[in-house]
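Quick note, the sequences are listed as chains P and G, same order. Residue numbers for the first sequence follow the working numbering, so the first one is 174 and each next one is one higher. Residue numbers for the second sequence follow the working numbering, so the first one is 913 and each next one is one higher.
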Amino acid sequence: MLLEAVNISKKYDNEVVLKEVSLGIEQGSSLVITGPSGSGKSTLLSILGLLLQPTEGEVLYNGRKVSDLSDDERSRLRNRSFGFIFQSPQLIGSLSVLDNVLVPARLARKRSLEAKAETILKDLGLKNRLDYLPYQLSIGQKRRVAVARALLLDPIVIFADEPTNDLDPERAAWIGEFLFELPRKERALVLVTHDTRLASKADRAVQIIDNRVRDLPIGELKTG
Amino acid sequence: MLQIIWHSLTRRWVQSLSTLVAVAVSVGILFALYLLYLGVSVGLGTGEKRLGADLLIIPAEAQVDPETVLFAGAPVNIYMDGTLTQKIAGISGVKRITPQFFAQTLNEECCSLSNATRLIGFDPGTDWLVQSWVKKLPGGSLGPDQILIGSGVTGIKGKDAIILGKTLHVAAVLDPTGTSLDYSILTPIDTARSLAKGSPYLQLFWGKLGDPQRLISALLVDVDEHVQKSDVALSIDCLGGLTVVQSSDVFKNIKDQMNVLFLIMLGGGLLAAVASIFQFFARFFSLAWDRKGEWGLYRALGATRRDLKLLIAGESLTLTLGGAIVGFILGYLLFSLIFIYLQKQKAFPFIEPSLSGVLVGIAVITVFFILLGILSAWFPAQQSGKIEPSSAMALGDID
């Protein structure tokens, strides 16, 4: 198992958000997390992505317990092995498209990744937008820049939180297609979405109900 | 990381520039003040030491300040009877006495001095003021056709100078003294008198006062150690027709004037520095609120808490060091402008600061502003440590 949550619970003050959640994802596969608003989908994604510490339980990465690592070690693991696509694109307004994509490389003190960043942006149809500032882009273009940023350092696991939010159906389908291509390239994809059509493309889907996860049959999603 | 720091500063270029300029202005003012203070302090100290005489005696009717005689190089045509030397030498408490004779060069445009410069004739037999330089000359004496020139004398190129129609040879250039010697030409007293006697421009004086061979311009007196200088000054004053100046009083007056002037300037400089310190702190305090979104994103993308602190400290130090470098250049330019003005005035002692003195000033001011930068970065750095990477999940767009 590439990434595994074992008996994860999370409380905010006295409010239980997740209770004894266990699930895992293999390399080269995709996992979709669905559920009603406020059910804890983003919290689970954050815990799996080492952005948030569980109250109880542990996260294993390649069989190694990583939820107890020091803050610095978890930061380095996020930088080296994980890619994040947040609910909003979260681009830095005063940086160009290219510089936004290069932020993870600069945090990793990696140079000479400009050419790679340009190639990814070209693949995402943003070849002529490298010097644009975020305010000059459409929401769909911003999303693609965020995707490029997540892919720059060749992460093993990609975490995407509602990546098709606010997009028209055509753009949403395009992003969805692109993301579900990634597991075929030896990456794993963990995706939070309300979009059942998007969820139906996953290898595995889970739903959070009453702070716990339950598997959703993919076929059910396709018909539903 | 350096690229992130650079981007962070340049994309808020108005804020960054204003902070940098504020630091530069403060550093510039403080640095210029430091250089001026250093120049005057060294000038006063050296002048007091090099003047080497307790009393300066000039004619009472002379319409010049003792400061002008002591520190300015402009020509001073004042004369009195040369027999006063023996009279004053006989006064109780006078340890030694030496006369000086003042003349001046002309405003010649070719091959000589471009501006009128004071020519001081000294008595090689009794002088103790310039003897330290004279002794270093080949033969240990200054010939009748030789001159010594002050370190601040301009216009003489090469080894010869035409002064009042006569070619004289430059024997040596004096070290800076912070006194009128720096802007004067020195020659044996007989040579000075001979040149002055032949000058058509000074005939008015000789017609009125007689043969310059019998005249002197000033007397420098050293007083016995066990005698009060003021008592000897009073005894000389009683002879009548003389102004007796205690050189220590002149230096003290100048010191007092300079201290007042520097206090006023320092007040202005400190106000500018305090204003820039406030601006600096305000800028970095506001970071803690303005940039939570950006820092949260960096944390999510893999920045450690230490990375964020380095980022903030790096921005702060870049601004302080950048501002300091610009400030040192500005300060030196400001100092140079004031220095040019002071050179024209030549009314008080000033010696250009040594390289080591300048470097000490640069080091102290730099350390001060680096500490300021570290202090101002401390609060936002502490705040950044509290930002959780998960905060990025809930963020909107980042400015």
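We put the beta carbon where it would ideally sit given N, CA and C, even for glycine. Values in this document were obtained by computation on a predicted structure and should not be read as measured data.
Proximal chain P residues relative to residue i, where beta-carbon distance stays under 7 Å
i, result
"G/G1214", "S248, R249, R251, N252, P277, L280 and A281"
Cα-Cα separation between residue i and residue j, rounded to whole angstroms
i, j, result
"G/K1109", "G/L1178", "49 Å"
"P/S195", "P/K374", "22 Å"
"G/P1292", "G/I1224", "7 Å"
"G/S1160", "G/P1011", "19 Å"
"G/V954", "G/A965", "18 Å"
"P/V363", "P/L306", "29 Å"
"P/F351", "P/T337", "11 Å"
"G/L1080", "G/L1254", "29 Å"
"G/F1251", "G/L1245", "10 Å"
"P/L371", "P/L303", "28 Å"
"P/R282", "G/G1208", "18 Å"
"G/V1006", "G/D1134", "6 Å"
"G/S1268", "G/N1165", "28 Å"
"P/P209", "P/L217", "13 Å"
"G/G1273", "G/A1236", "12 Å"
"G/G1064", "G/P1088", "8 Å"
"G/D1136", "G/L968", "15 Å"
"G/C1022", "G/G1055", "With a pLDDT of 41 at G/C1022, under the threshold of 50, the predicted position of this residue should be treated as unreliable, though the coordinate-derived value follows. Each residue's alpha carbon lies about 24 Å from the other."
"G/L947", "G/V1270", "7 Å"
"G/Q1295", "P/G392", "49 Å"
"G/A936", "G/K1221", "24 Å"
"G/A1187", "G/F943", "16 Å"
"P/L324", "P/L280", "15 Å"
"G/S1147", "G/L1183", "50 Å"
"G/R923", "G/F1196", "16 Å"
"G/L1229", "P/D272", "23 Å"
"G/F1190", "P/G256", "41 Å"
"G/A1215", "P/R322", "15 Å"
"G/T1278", "G/L1233", "7 Å"
"P/I114", "P/S311", "The structure shown does not extend to residue 114 of chain P, since chain P is modelled only from 174 to 397, so the question has no answer here."
Secondary structure of residue i, DSSP reduced to three states
i, result
"G/K1298", "coil"
"G/E1020", "Below a pLDDT of 50, predicted positions are generally treated as unreliable, and G/E1020, at 47, falls in that range; the measurement from the model is reported next regardless. Residue state, collapsed to three classes: coil."
"P/R237", "strand"
"P/K374", "coil"
"G/V1139", "coil"
"G/I970", "strand"
"G/S920", "helix"
"P/A281", "coil"
"P/T207", "strand"
"G/D977", "coil"
"P/G197", "strand"
"P/L389", "strand"
"G/L1154", "strand"
"G/N1165", "helix"
"G/R1203", "coil"
"G/D1149", "helix"
"G/S1303", "helix"
"P/N384", "coil"
Per-residue contacts from residue i into chain G (C-beta, under 7 Å)
i, result
"P/L294", "Those do not exist, as P/L294 stays about 17 Å from chain G at its closest Cβ, beyond 7 Å."
Residue i beta carbon near the ligand MN (any heavy atom closer than 7 Å)
i, result
"G/S1266", "Only the bare structure without any ligand can be found here, which leaves the ligand MN out of the picture."
Beta-carbon neighbours of residue i, restricted to chain G and to distances below 9 Å
i, result
"P/L224", "R1211, A1212, E1300, P1301, S1302, S1303, A1304 and M1305"
"P/F353", "By Cβ distance, chain G contributes nothing, its closest Cβ being about 22 Å from P/F353, past 9 Å."
Contacts that residue i makes with chain P (C-beta to C-beta distance below 8 Å)
i, result
"G/R1195", "Per Cβ cutoff of 8 Å: no residues; G/R1195 is ~16 Å from chain P at best."
Under 8 Å by beta carbon: chain G residues contacting residue i
i, result
"P/D401", "Here chain P has residues from 174 to 397 only, and residue 401 of chain P is not among them."
What ranges does the alpha helix (DSSP H) occupy inside the region 1023 to 1087 of chain G, keeping only unbroken runs of at least 4 residues that lie completely in it? 1043 to 1046
Residues within the region 1197 to 1209 of chain G neighbouring chain P, beta-carbon criterion of under 7 Å: E1206 and L1209
**Request:** Compile a chain-ordered list of the residues in the region 913 to 924 of chain G whose CB is closer than 7 Å to at least one CB of chain P.
**Result:** M913, Q915, I916, H919 and R923
To test your reading of the DSSP string, which unbroken beta strand (DSSP E) runs of 3 or more residues are found completely within the region 209 to 279 of chain P?
229 to 234 and 255 to 258
Next item on the list: Only counting runs of 3 or more residues, tell me where the beta strand (DSSP E) segments fall wholly within the region 318 to 370 of chain P, in order along the chain.
Entry: 330 to 334 and 361 to 365
For the region 261 to 277 of chain P, list every residue whose C-beta sits within 9 Å of some C-beta in chain G, in sequence order. S261, P262, Q263, L264, I265, G266, S267, L268, D272, L275, V276 and P277
Report task. Name, going along the chain, the residues of the region 207 to 219 of chain P whose beta-carbon falls closer than 9 Å to a beta-carbon of chain G. Result -> S215, T216, L218 and S219
Review point. Along the chain, which unbroken stretches of the beta strand (DSSP E) at least 3 residues long are found entirely within the region 1079 to 1133 of chain G?
Key: 1096 to 1100
* Asked: Where are the beta strand (DSSP E) runs, 3 residues long or more, that stay fully inside the region 1216 to 1269 of chain G, in chain order?
  -> none
In chain order, what are the residue ranges of uninterrupted beta strand (DSSP E) at least 3 long that sit wholly in the region 917 to 958 of chain G?
none
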